[in-house]
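**Q** Sharing a structure with you now.
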Amino acid sequence: MLETNTSLTALDISQNEIVDEGSKWIFKALETNSTLTKLDIYHNKARDFKYILKSLKSNSVLTELNLNMYGIEEVKINKLILQNIIVKRFAAWPKSHY
């Protein structure tokens, strides 16, 4: 559904205890989504970085991504930023740190 949605521009799925398998499908859909500009996936249990990285290579619409408490190391966050120059705001640390 997210792959073909033409009206959703923001999605907040924070604090839903999403694990790697769920994260995989969310970010796979994001690869082809052409309307979502803001994704909040704050405080979930997924830790697999490769799905996020792959989706950001092909997504040219997303401008804000909140990964607070997602469990991604700073080095990997830097990789994300380099992969997608479209995203204007990455949140990867508690809000008190930015």
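Residue numbering for the sequence shown follows the numbering used here, starting at 5 and increasing by one per position.
We put the beta carbon where it would ideally sit given N, CA and C, even for glycine.
(1) Taking the alpha-carbon of E68 as reference, which of I22, L40, S59 has the nearest alpha-carbon?
(2) Whose C-alpha, out of A50, L66, N72, is nearest the C-alpha of D24?
(3) For L66 versus L34, is the C-beta spacing smaller than 9 Å?
(4) I'd like the list of long-range same chain contacts for T10, defined as Cβ closer than 8 Å, with 5 residues on each side in sequence excluded.
(5) For D44 and E21, what's the separation of their Cα atoms in angstroms?
(6) Go through its chain and collect everything with a Cβ distance to K42's Cβ below 6 Å, but skip five positions before and after it.
(7) Would you mind stating whether K28 and E7 have Cβ atoms separated by less than 9 Å?
(8) Report the rounded CA-to-CA distance for N48 versus K54, giving the unit in angstroms.
**A** Result, derived from the coordinates:
(1) One-based indexing of the sequence shown puts residue 68 at position 64. Nearest of I22, L40, S59 to E68, Cα basis: L40.
(2) On the sequence shown, residue 24 is found 20 positions in, with the first residue counted as 1. When only C-alpha atoms are compared, the closest one is A50.
(3) The residue given as residue 66 occupies position 62 in the sequence shown. The residue given as residue 34 occupies position 30 in the sequence shown. Result yes, Cβ atoms of L66 and L34 sit closer than 9 Å.
(4) Here residue 10 corresponds to residue number 6 of the sequence shown, with the count starting at 1. Within the same chain, T10 has close Cβ partners S38, T39.
(5) The residue you call residue 44 lines up with position 40 of the sequence shown. The residue you call residue 21 lines up with position 17 of the sequence shown. Roughly 13 Å separates the two Cα atoms.
(6) Taking the sequence shown and counting its residues from 1, the one referred to as residue 42 is at position 38. A14, E68.
(7) In the sequence shown, residue 28 corresponds to position 24, counting from 1. In the sequence shown, residue 7 corresponds to position 3, counting from 1. Not a contact, by the Cβ cut-off of 9 Å.
(8) Residue mapping note: residue 48 aligns to position 44 of the sequence shown, counting from 1. Residue mapping note: residue 54 aligns to position 50 of the sequence shown, counting from 1. The alpha-carbon atoms of N48 and K54 are separated by roughly 16 Å.
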